[in-house]
Each structure stands twice: as structure tokens, then as C-alpha cells.
Amino acid sequence: MKGGFRKSMTWLHTWSSLVVIWVLFAIFLTGTLSFFRAEITHWMTPEHHISARAESPVLMATSYLQSVAPFGESWQISLPDSRSPVLGVNWLAEGEERQRRRGARAVIDPVSGTAIEDARETAGGNFLYRFHFELYGIPRSVGRWIVGIASMLMFIAIISGVIIHRKIFADFFSFRPGKKTASWVDAHVLGSVLALPFHIMITFTGLFLLAGTLLFWQGGNERGGQQGQNANRGHASEEQREERAQAEKPSSQREIVSLNMNAIYLEAESLLGQPISDITISKPMTHEAEVTFRGSEKSSLSHFRGGTPEVTYNVKGELIKENFPAGAEGPIATTYGVLRSLHEGHFADVLTRWLLFFSGVLGTVMVGSGALLWSQKRERQQVGKPGYEVVSALNLAGIAGLFVALGAYFWANRLVPAGIDGRADWEIIIFFCSWLACILHSVLLRQRHGWLLQLAAAGLMFLLLPALDALTSPVGLVAATTAGDWVRLSFDFVSLLTAAGLWAAAYFVLSKGRKSRARRNSVSNKKGKV
Amino acid sequence: MTLLALLLIILGFIHFSASTRASFKVFFGRGRPQTDLRNWLHIVGYLYLIAALLPCLAGWNFQMAIVVWLGLLHVGAVGVTLMLTYSPGLVRRLWLWGCLGRLGKPFLPKASN
Amino acid sequence: MFSLSEPWFLTARILAATVGGYLLSMVICLLLLMLTGVDGRDARMLTGMVFFVSYLVIVVILFSVSTHRRAILLALASNSALWTLWYFMGGQL
Chain A
1 MKGGFRKSMT WLHTWSSLVV IWVLFAIFLT GTLSFFRAEI THWMTPEHHI
51 SARAESPVLM ATSYLQSVAP FGESWQISLP DSRSPVLGVN WLAEGEERQR
101 RRGARAVIDP VSGTAIEDAR ETAGGNFLYR FHFELYGIPR SVGRWIVGIA
151 SMLMFIAIIS GVIIHRKIFA DFFSFRPGKK TASWVDAHVL GSVLALPFHI
201 MITFTGLFLL AGTLLFWQGG NERGGQQGQN ANRGHASEEQ REERAQAEKP
251 SSQREIVSLN MNAIYLEAES LLGQPISDIT ISKPMTHEAE VTFRGSEKSS
301 LSHFRGGTPE VTYNVKGELI KENFPAGAEG PIATTYGVLR SLHEGHFADV
351 LTRWLLFFSG VLGTVMVGSG ALLWSQKRER QQVGKPGYEV VSALNLAGIA
401 GLFVALGAYF WANRLVPAGI DGRADWEIII FFCSWLACIL HSVLLRQRHG
451 WLLQLAAAGL MFLLLPALDA LTSPVGLVAA TTAGDWVRLS FDFVSLLTAA
501 GLWAAAYFVL SKGRKSRARR NSVSNKKGKV
Chain B
1 MTLLALLLII LGFIHFSAST RASFKVFFGR GRPQTDLRNW LHIVGYLYLI
51 AALLPCLAGW NFQMAIVVWL GLLHVGAVGV TLMLTYSPGL VRRLWLWGCL
101 GRLGKPFLPK ASN
Chain C
1 MFSLSEPWFL TARILAATVG GYLLSMVICL LLLMLTGVDG RDARMLTGMV
51 FFVSYLVIVV ILFSVSTHRR AILLALASNS ALWTLWYFMG GQL
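Protein chains in written order, with the UniProt record's numbering: chain A, 1 to 530; chain B, 1 to 113; chain C, 1 to 93.
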């Protein structure tokens, strides 16, 4: 039976996606934001905003390190780059072994040349990043199982969706706004078909990043996808301050050897052929000192760990080591590496990152419109039935509510006082509380302008975010423009765009409500089902 | 480089959109696409998309170029769709000035209805 | 199209597709590793890539079969056949 196949695929498409669609929406949205994890963290640490664009950062960093840890085992300088425009330094105090932790850390204020103290503790982009593959507040492996199952269902839904959507080119470009179900179908099809390669890629690679959990029988590692380079852009904690205090006590005398950093820096940069993002100095201020410069870009997609080229100099400024990694070995490892970098976007420059973000937005549109399409199609027959009501309540809370929660999360970042204990947790608590409030609201008061209220609330929050940013950051927006802090400005810009989208949606809901009321007043019966 | 690639992709996708029944009349006034015309437009469209790969290759190494190209395909496709919906005039102008596929039409055999 | 008037059969079919499909693609991966002789880290990566695609294909196939009964039987038969094959080839978990 030819029709039977299509029908059963439609069934599969509908139900495999509906079961987990709100989880998928949350995963897609937070995952899309995770492409800008370091950038979001930068925005959410306003104390660091003054660090943008330091002049001669290398000298500033070394002189700071000389003052604070002259006898350290090693120093590390992370220069401002396109993702995190702050100048940060790490060091290991004398006698301290290089362990998992990076040692003490500080972000430097380019004006005074000292560390920026008491920067706020924030959950930042990391919370969104972790949420998108292991949720929150439940055991990690459970979270990963849920996300894994949801992704598998997503994978099935995508492929069955491709199967049932026969005429790919026929309505490839058609979008018919203002036509109820047809518009939703179009939005769903546009979101999915136009970015189909991305959707397949991101779902598939997401699955096998979780393979360690999902394929429990092969004793895989549980750590897939955890290591991000810029993961811990926090500030020096209490413990680390103590270490710093210890580091300042010179326990043995060393001969001070100075390096001509600037000259080596320029040479290394021309040798690497790209901007330098990281400098490591081992045994600083001794004759055995070695300086390693690491580039910011991966030379190939097939690296999934490390993979940035680096060069090392000794104290006389002679090149002693260069390492231009050649990529993973063997076809399997290469394929794996490519797929994995594609998902994590470590390779991405600014443009590619935005392209990935854009595709992610399309994916979010696909999932969201799919969820709405389900209830839209059944509106006439099933209003009042429990299944339909549950789905529409969850649609409201899962889509509009998530935006409200996100807005509240960013607001909390600026409004929760900077000094209090467990500050990062408070941000997360506020995120979930506002989400919970939206869920309650959509269960109890959905009928009365539920969509309108939540969309408008979220829209208002995102609209005012740039204003809040300007008011609560030590650096105003004008100053940020002249300093070239594009990371922060892009955040504000995207937040305005989000607000525009949410307001447009709210307007749409409002006009739809008016229309349907008008229709109810006049004689109304149109075609029953579409 | 990026803009050039994006422009080529948009022009390529306009060929595809010209071959669909829904937006055929934006370009040809009336009627519906015949098979020959549709195939011809598809071929030219694909050529445009492939041509867009060249500026990508010029700007990035091979692997990155593919990624950038695919990403731009997504952007271009969405762009063409939105333009067709909200500003068909702009699409028509692009069609007249940039789409070589249009020139092939008179040479195609007229299909009998 | 299968009718929804048989809830038990439908449940059984869903189970056959999810659990049966999981086991089936698991044994496919195990057989693949056995045949290609890949092991260690590479094996884990290869399984990660093959498993999900084969799971997907299996689920789609099992839902495209015309009746519930046939789908369930297909899942059972293919599973037992491949697991037996794997056992006689000396497979160990």
C-alpha cells in the first residue's frame, strides 16, 4: 500500500516528536545560545567589561604577573580575542603541581594594570550550555538519557518528516502569512527544509556525543562533550586568593631574567600566521624559562581536542619547538573529529559561529512551529479534550514560558547583588522559578490571553535588556562602541531582535484573537479540517 | 568574499524559486513552469550555487569553506523566501539583472499544452 | 496504515521498534566491529556513528511494515537471527 506508508510515516513523525517536543525546544534554544557560551558569560560579567581592548596587553599581563607571582611555576596569559575580549592571566604558585585546576586566575583592568577584584560570580553561558545536554537538578546520567532519547526521537522525526514531505522543491520558498494552518505548515517546512543539512548534522552529532551514556553496553566514557576551552571564565575564588597570598611570599631567591616579550611575540605571530590567543610561560624569570604561543584558530576541522598550532621559544628568543598539528589519524578518528567539531563549533570563526547560530534559530523555529502546528490542526475537533489541553498548556509554557525564563535569567544576572553567597545559583533559581510561574500560569489562566501576556512579558524584558546593560555595567554602551566590545554589543543587538520577534508574535496573537472574535460574531463556518 | 558568495547563492535560489508553480508568475507574468524550462532553471541554479563555493574556497581552507558555504545556503534560502513574501519587486529586479537562467528561455522548445 | 483500535498491538509494536530496534542495531554494531576488526578507541567512535543511523533505519522500517503483527515478527526474527549469528561467531560482551 503506497498511501499506507506515507500515513504511517506521518504518524511516526507526529508522535515521535510530540512526546518530547518541549524538551527539544528547550534543548534547541539553549543549545543555539551555547554557540555563544563564552560571549554570554562575558556579557554576564559586567565587571570585566572595562577590560576590553587593552593596549599592549602582553606587557601589562607580564608586569602584573611579575608583581603577583614572581616565583610561580608557570604563567598563562589569555589575550583578548573575538569571543572573550578580556585580558586574563592564570598562574601556578611555586611548588604547585599542574593539576586539573588552572591555578589562580585574574582578569586585568587595562587602566590601572591591576586585577579586577570582586567580579560577580555568574552561571553565565555555562548554565545554558550544560542545560542543553544534561538539563539541571537531576542526576547527570538521567539528564543525558532524557536528552539522548529526545534527540533520537528528533532524528526519527526529521527523517520521517523528509519522507512525508514529497515535494521538496515545490513549496521550497513559499511562505503564506496570515493563513492560519497554512502559515504554520509553511513556517514548519521552512524552518526544517531550508536548514535540513544542519538539523541532520546537529541531531546526529549530538547523539553520538551522548553515545557514552546511550550505548552503555560498550563501557564508553561519560565525559563526551564536556571539555570546552573557555569553560571556566570565573574569577578568583576564596581558595584561590589564599593561594595567591602564599604565592606572594618568596621562599627562595631566584635570579631575575627578563625577556624581550614584544619581539618574540611579533615573531611568533608572523610564524603562526594568525592572532595569538594564549601565551604560557613556564619557569618564568629564570634561565630555563620557555614561552609557548598558541594560535586562536584550529588548523583543521578534524581535531576535537587541542589542535591549535603553537610555537615555543627559550629565554634567548630562539625557536625551540613548533607544533602544527596534522589532524586526527585514521579515517574513523578523522570522521569522528570532524563531526564532533561541527557540533561544538570550536573551529568556528565569527562568521561561521553566526551561521551556526542562525541555523540553530531555524531549528528552534522548526520545533516550536511543529508543536503549535499540532494543536492548530486539532483546534476545532479537540478543544476541551484533556490531551489537547495538556499539549496547549505545555506549548505555552514550553515556548513563551522559556523566553520569559531566559529574560528573567539575564535580568537576575544584573539585579542580584554582586556579593552574595551562591550568587550563580540564585540566577539559576530565578530562571526556574519564572519558568515554573509560567507553567502555573499556562495551566490555570491559559484561556485569558495566556500567549499574549507571556509573549509581551518576555518581549518587554528583552527589549529593556540593553538599557539594563547600559545602566548596570561600569562601561556605558557608547564607551563600549568606541572600545570595540562587539561581543557585548552583539548580545544587546540580538536581545533587541528577540524582543522584536516576541512583540511581533504577541501582535499576531492579538490580531488573531480579534479576528476570531469577529468571526464568531458573524455567521461562521469554514472548512472543518485542513 | 562572504557577500559575493551570499549574492551568488541568492541568485541561484531565485532560479529555483522561478521554477516553482507558486512563484512562477512573479517572474513570467502568467502560466506555469514547463518541464524543460524547469530543468534548465534548475541546472543554472545549481551552477550558481557551485559558483558560490569558489569565493568560499578563496577565503577559507577546504573544510571550513564547505561549512561556510552550507551555512550561507541556509541564510540565502531563508532570504529568498522572505524576499518573495514581503518584497517580490526586489526579487524581480534581481532576476532581471543577475539571473542568466532567464536568457535561456527563448531557446527552449515550446511545450505543447 | 495500521488501525489505532488495537492498543495492545500498537504498544507491542512500539516496544518492538524501540527495544527491539535498540538490540538489533546493537548487534549490528557488534557484528560490524567483529568483521572489521576495529577495536579500542576507534571501535567506540565507529559504534557511536553507526549505531544511531542503523537504529533510525530500523525504526523507520519497523513502522513502515503494513501490519502490527508483521512488524513485531520482523523485529523478533531479525533479532534472534543476528544474535544467534553473533553468538556462533564467538561474540562476547
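Where a beta carbon is used, it is the ideal one built from N, C-alpha and C, also for glycine.
Handout entry: With 16 other Cβ atoms within 10 Å as the buried cut-off, status of Asp469 (chain A)
Key = buried
Practice task
Find the residues of chain B that neighbour Phe347 (chain A), judging by a C-beta separation of less than 9 Å, and give them in chain order.
Solution key: By Cβ distance, chain B contributes Gln63, Met64 and Val67.
Practice task
Could you tell me if Gly124 (chain A) is buried or exposed, where buried requires 16 or more neighbouring beta carbons within 10 angstroms of its beta carbon?
Solution key: buried
Problem - Simplified DSSP assignment, three categories, for His15 (chain B) - result: helix
Problem - CB contact flag (Glu290 (chain A), Asn314 (chain A), <8 Å) - result: yes
Problem - CA-to-CA distance, Leu207 (chain A) to Gln447 (chain A), given in whole angstroms - result: Distance between the alpha carbons of Gln447 (chain A) and Leu207 (chain A): 38 Å.
Exercise for the section: Show which residues of chain B have a CB atom less than 9 Å away from the CB atom of Leu197 (chain A). Expected result: Per the sequence shown, residue 197 (chain A) should be read as Pro rather than Leu. By Cβ distance, chain B contributes Leu70, Leu73 and His74.
Exercise for the section: Please check if any C-beta of chain B sits within less than 8 Å of the C-beta of Thr114 (chain A). Expected result: no
Problem - C-alpha distance - residue 535 (chain A) paired with Leu128 (chain A), whole-angstrom precision - result: Residue 535 (chain A) cannot be examined here, being either before or after the span of chain A that is shown, 1 to 530.
Exercise for the section: Consult DSSP for Gln381 (chain A) and reduce its assignment to one of helix, strand or coil. Expected result: helix
Exercise for the section: Please go through the same chain and pick out, in chain order, the residues whose beta-carbon is closer than 6 Å to the beta-carbon of Gln76 (chain A), but skip the five residues on each side of it. Expected result: Asn90 and Thr280
Exercise for the section: Establish whether the CB of Ser87 (chain B) and some CB of chain F are separated by less than 8 Å. Expected result: This model lacks chain F altogether; the protein chains it does include are A, B and C.
Problem - Of the listed residues B:Leu8, B:Ser23 and B:Leu37, nearest to Tyr86 (chain B) (C-alpha basis) - result: Here the closest residue by C-alpha is B:Ser23.
Exercise for the section: Using beta-carbon positions only, say whether residue 542 (chain A) and Glu310 (chain A) come within less than 8 Å of one another. Expected result: In the structure displayed, chain A extends from 1 to 530; residue 542 (chain A) sits before or after that span and is not available.
Problem - Contact under 8 Å by Cβ, Phe198 (chain A) with His74 (chain B) - result: yes
Handout entry: Nearest to Ile146 (chain A) (by Cα), restricted to the options A:Ala211, A:Pro85, A:Ser192 and A:Trp184
Key = When each option's Cα is compared against that of Ile146 (chain A), the closest is A:Ala211.
Problem - Extent of the continuous beta strand (DSSP E) to which Asn90 (chain A) belongs - result: Gly88 to Leu92
Problem - Between the CA atoms of Glu267 (chain A) and Thr312 (chain A) - distance to the nearest angstrom - result: Pairing Thr312 (chain A) with Glu267 (chain A), the inter-Cα distance amounts to about 11 Å.
Exercise for the section: Can you tell me which of the three DSSP states Trp75 (chain A) falls into? Expected result: strand
Exercise for the section: Following the continuous alpha helix (DSSP H) through Asp469 (chain A), name the residue where it begins and the one where it ends. Expected result: Gly450 to Thr472
Practice task
Just mark Pro441 (chain A) as buried or exposed, buried being the case when its beta carbon has 16 or more other beta carbons within 10 Å.
Solution key: The question names Pro, but residue 441 (chain A) in the sequence shown is His. When all chains shown are included, His441 (chain A) counts as buried.
Exercise for the section: Report the residue from C:Gly20, C:Ala17 and C:Val27 whose alpha carbon sits nearest the alpha carbon of Trp83 (chain C). Expected result: C:Val27
Problem - Spatially closest choice to Ala480 (chain A) from A:Arg6, A:Leu455, A:Gln66 and A:Pro85, by CA coordinates - result: Of all alpha-carbon atoms in A:Arg6, A:Leu455, A:Gln66 and A:Pro85, the one lying nearest the alpha-carbon of Ala480 (chain A) is that of A:Pro85.
Practice task
Please determine, among A:Ala504, A:Leu502, A:Trp503 and A:Leu477, the residue with the shortest C-alpha to C-alpha distance to Phe491 (chain A).
Solution key: A:Leu477
Problem - For Arg120 (chain A), three-class secondary structure by DSSP - result: In the structure shown, the three-state DSSP call for Arg120 (chain A) is coil.
Practice task
Taking 8 Å as the cut-off, decide whether the C-beta atoms of Phe403 (chain A) and Ala437 (chain A) are in contact.
Solution key: No, the Cβ-Cβ distance between Phe403 (chain A) and Ala437 (chain A) is not below 8 Å.
Handout entry: Meets three-Cβ-pair contact criterion under 8 Å: the region 36-43 of chain B and the region 52-63 of chain B
Key = no
Exercise for the section: Report the rounded CA-to-CA distance for Phe357 (chain A) versus Phe71 (chain A), giving the unit in angstroms. Expected result: 44 Å
Practice task
Consider the Cβ of residue 535 (chain A): report whether some Cβ of chain C lies at a distance smaller than 8 Å.
Solution key: Residue 535 (chain A) cannot be examined here, being either before or after the span of chain A that is shown, 1 to 530.
Practice task
Could you tell me which chain A residues have their CB closer than 7 Å to the CB of Thr35 (chain B), listed as they occur along the chain?
Solution key: Neighbours of Thr35 (chain B) on chain A: none; closest Cβ ~13 Å, over 7 Å.
Exercise for the section: Taking the CB atoms as reference points, tell me whether His13 (chain A) and Ile164 (chain A) lie closer together than 8 Å. Expected result: yes
Problem - Below-8 Å beta-carbon distance, Val78 (chain B) vs any chain A residue - result: yes
Practice task
For Met1 (chain C), collect the residues of the same chain with a Cβ closer than 7 Å to its Cβ; drop the 5 residues on either side in sequence, then sort them by chain order.
Solution key: Low confidence applies to Met1 (chain C): its pLDDT is 45, below 50, so where it sits in the model is not reliable, and the reading given next is rough at best. Nothing meets the Cβ criterion.
Handout entry: Closest residue to Thr62 (chain A) among A:Leu351, A:Met201 and A:Ser78 (Cα-Cα distance)
Key = Among A:Leu351, A:Met201 and A:Ser78, the Cα nearest to that of Thr62 (chain A) is on A:Ser78.
Handout entry: the region 362-372 of chain A / the region 16-23 of chain A touching (three or more Cβ pairs under 8 Å)
Key = yes
Handout entry: Close Cβ partners of Ser359 (chain A) (< 7 Å) along its chain, the five nearest in sequence each way excluded
Key = Ala195 and Phe198
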